[in-house]
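Read the structure below first, then the notes.
There are 2 protein chains.
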Amino acid sequence: MTREPRLSWKEVRDQIKTSILDRTYSPGDKLPRDADIADQFGCARSTVQRAMRDLSDAGLVERKRKGGTRVRVDPVTRATVDIPITRREVEKRGSVYGYHLIDRGFFKTPPEIAGKLELPQATEILRVRALHLADHKPHIYEDRWICPDTVPGILEVDLSRESANEWLVMNKPYTRCDLRFYAISATEDTAATLDIKTGSALLVIERTTWIGTAPITLVKAYTAPGYELLTSN
Amino acid sequence: MTREPRLSWKEVRDQIKTSILDRTYSPGDKLPRDADIADQFGCARSTVQRAMRDLSDAGLVERKRKGGTRVRVDPVTRATVDIPITRREVEKRGSVYGYHLIDRGFFKTPPEIAGKLELPQATEILRVRALHLADHKPHIYEDRWICPDTVPGILEVDLSRESANEWLVMNKPYTRCDLRFYAISATEDTAATLDIKTGSALLVIERTTWIGTAPITLVKAYTAPGYELLTSN
DNA sequence: AAAAATATTATGTGCTTACATATTCAAGTC
DNA sequence: GACTTGAATATGTAAGCACATAATATTTTT
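Protein chains in written order, with the working numbering: chain A, 137 to 369; chain B, 137 to 369.
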């Protein structure tokens, strides 16, 4: 009598995944109800639920109450990226971290920034520019806009000693975060700051955070040439 | 008697998250056991478990069997990005999609490629170069290396009609996918292909996929200037 | 026939119990 | 003292039940 080992939710997930990939269920098709799949596999519905949630998280299927589960019509490669605090990232590589405040001042919020922060109207905003160093060489130049209404505490911080990056991450929770990656050619100013040639290709990581609907900060991180962003996995 | 509404796992999660962010539990601290937290909230352990898994997925805490749950010492911004099939992406924007095979041939695997594919030794590999168009303008230039040992089926595909991108996604499941984002200045060749100026900054999306330990493909997607990668949320 | 009320149904959530698994810690053995 | 063995423990997984919720389908009403 071969001892029937209980199916784990991962096995269920993988079998369903296989059925999708081998076209037993094609994109757009509706899968059986959880309960029926559970019967089929001889497991509990909660196990199927767990498997399905994973497939849903991975972007392979879409689930709707009453509507059932269907195979996504537009398969995507879904990846997660971790963006650590810059100091941590540099130290983890075994490099010496350095930080240098370039300037700090209040400005009337430019339209582009107000739009990205979803600010209803232009207000006064704190702009902080700083340079992160790795082994005494420029690593990331960050151009940051901070909403003082949302984060009054930042006004008391000595940003020449502590980076806004770090202070915010450690002190200001956010409920929403938008990220944007793109490449630009270094302007003369940016190039000078990063000590590279004008026109060099730079990866820019643009991040906007909110707490509820209140915008916290928008930062454009101009990474030095050679910088790479990897998926975690 | 105020009817005590049951706590949802999301409420539990948010409360724990708040406790972490307000320093009730500092980075590195050990949180109480799930069972104790459950008692504290008056809910079942499974609810705490659900909440904790979410926090763990989000990168806020680390969990280990027997070791318990502790607040991560290096908070990260964790984001998920969706990389759709190029055709879908173009069509979703309402643009007309076009595809053009540039060339296809067998080569001795260059060391850089072999390394990234984790191939033990240099073998023959299929290289496919193609251009994706949006509204008849170059959109993405892809330079792809495919392991024919892992994907013999690709040899039968008419790549001048169907893109390898699409065929692989639809026909070849992968179990592991590594992504890498970086910026480069367009070489003369790349610039000519994308019909842009030499030296323009390009965002490159490099993707490597495996099935088990068998490498499937490595593709470098050179995106046209202005291309942006956004987080899903 | 159009609109509103109602029933149906598939997924979502929560509870409880039970057992699995990975670590840690301590006792016991050589 | 170094090594092995085993107990203790916290998280991981699974079952099975009950009810919540949202979306759809059906019926009733106007």
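Even for Gly, the Cβ is constructed at its ideal location relative to N, Cα and C.
Neighbourhood of residue i by C-beta, 6 Å cutoff - its chain only, sequence neighbours within 5 removed
{"i": "B/Glu140", "result": "Bear in mind that a pLDDT of 48 at B/Glu140, under 50, signals an unreliable position, so the number given afterwards is only what the model happens to contain. Closer than 6 Å at the Cβ level, and outside the excluded window around B/Glu140, lies no residue."}
{"i": "A/Leu315", "result": "Arg343"}
{"i": "A/Glu278", "result": "Ala266, Val355 and Ala357"}
{"i": "A/Ser296", "result": "Leu237"}
{"i": "B/Ser321", "result": "Gly335"}
{"i": "B/Arg312", "result": "Trp346"}
{"i": "B/Lys252", "result": "Thr344 and Leu354"}
{"i": "B/Leu143", "result": "Phe177 and Cys179"}
{"i": "B/Leu330", "result": "Pro274, Tyr277 and Ala360"}
Close beta carbons around residue i, own chain, < 7 Å, minus the five adjacent residues each side
{"i": "A/Arg181", "result": "Asp170, Ala171 and Ala174"}
{"i": "B/Arg206", "result": "Gly164, Asp165, Lys166, Leu167, Val197 and Glu198"}
{"i": "B/Leu291", "result": "Pro284"}
{"i": "B/Arg149", "result": "Ala187, Asp190 and Leu191"}
{"i": "B/Lys333", "result": "Ala327"}
{"i": "B/Trp145", "result": "Thr183, Arg186 and Ala187"}
{"i": "B/Glu254", "result": "Pro351"}
Reduced DSSP secondary structure (H/G/I, E/B, other) of residue i
{"i": "B/Ile219", "result": "strand"}
{"i": "A/Arg169", "result": "coil"}
{"i": "B/Thr323", "result": "coil"}
{"i": "B/Pro351", "result": "strand"}
{"i": "A/Pro247", "result": "helix"}
{"i": "A/Glu298", "result": "coil"}
{"i": "B/Thr311", "result": "coil"}
{"i": "A/Asp150", "result": "helix"}
{"i": "B/Val197", "result": "strand"}
{"i": "B/Glu364", "result": "coil"}
{"i": "B/Arg343", "result": "strand"}
{"i": "A/Arg159", "result": "coil"}
{"i": "A/Gly164", "result": "coil"}
{"i": "A/Asp175", "result": "helix"}
{"i": "A/Asp190", "result": "helix"}
{"i": "A/Val209", "result": "coil"}
{"i": "B/Thr329", "result": "helix"}
{"i": "B/Arg181", "result": "helix"}
{"i": "A/Gly204", "result": "strand"}
{"i": "A/Leu338", "result": "strand"}
{"i": "A/Asp293", "result": "Note that residue 293 of chain A corresponds to Val in the displayed sequence, not to Asp. Three-state result, A/Val293: coil."}
{"i": "A/Pro256", "result": "coil"}
{"i": "A/Leu143", "result": "coil"}
{"i": "B/Pro274", "result": "strand"}
{"i": "A/Arg265", "result": "strand"}
CB contact below 9 Å: residue i versus chain A
{"i": "B/Leu354", "result": "no"}
{"i": "B/Val305", "result": "yes"}
{"i": "B/Tyr161", "result": "no"}
{"i": "B/Pro309", "result": "yes"}
{"i": "B/Glu254", "result": "no"}
{"i": "B/Pro361", "result": "yes"}
{"i": "B/Gly348", "result": "no"}
{"i": "B/Arg343", "result": "yes"}
{"i": "B/Ser144", "result": "no"}
{"i": "B/Glu198", "result": "no"}
{"i": "B/Leu157", "result": "yes"}
{"i": "B/Thr245", "result": "no"}
{"i": "B/Thr286", "result": "no"}
{"i": "B/Lys228", "result": "yes"}
{"i": "B/Glu364", "result": "yes"}
Contact set for residue i: own chain, Cβ-Cβ below 8 Å, skip 5 residues either direction
{"i": "A/Ala319", "result": "Ala337, Leu338, Leu339 and Val340"}
{"i": "B/Glu324", "result": "Thr334"}
Any C-beta of chain B under 9 Å from that of residue i
{"i": "A/Ser231", "result": "no"}
{"i": "A/Thr367", "result": "yes"}
{"i": "A/Lys273", "result": "no"}
{"i": "A/Gly251", "result": "no"}
{"i": "A/Gly195", "result": "yes"}
{"i": "A/Thr154", "result": "yes"}
task = Output, in sequence order along the chain, the residues in the region 312 to 339 of chain A whose CB is closer than 9 Å to any CB in chain B.
result = Within the region 312 to 339 of chain A, contact with chain B at the beta-carbon level (separation under 9 Å) is assigned to Arg312, Cys313, Asp314, Leu315, Arg316, Phe317, Tyr318, Ala319, Ile320, Ser321, Ala322, Gly335, Ser336, Ala337, Leu338 and Leu339.
query = Taking a cut of 7 Å between CB atoms, which residues from the region 208 to 223 of chain B lie near chain A?
reply = Those residues of the region 208 to 223 of chain B that come within reach of chain A (Cβ to Cβ, closer than 7 Å) are Asp210, Pro211, Val212, Thr213, Arg214, Ala215, Thr216, Val217, Asp218, Ile219, Pro220 and Ile221.
inquiry  = Whether or not the region 229 to 239 of chain A and the region 253 to 268 of chain A are in contact is what I'm after, with contact meaning three or more pairs of Cβ atoms, one per stretch, closer than 8 Å; do they touch?
reply    = Touching, yes.
query = For the region 203 to 222 of chain A against the region 215 to 234 of chain B, are there 3 or more C-beta pairs whose distance is under 8 Å?
reply = Output reads yes: the region 215 to 234 of chain B touches the region 203 to 222 of chain A.
inquiry  = Give me the subset of the region 162 to 186 of chain A whose CB atoms are less than 9 Å from a CB atom of chain B, sorted by chain position.
reply    = So the close ones are Pro163.
query = Which residues, in chain order, does the region 259 to 270 of chain A contribute to contact with chain B at a C-beta distance below 7 Å?
reply = The residues in question: there are none.
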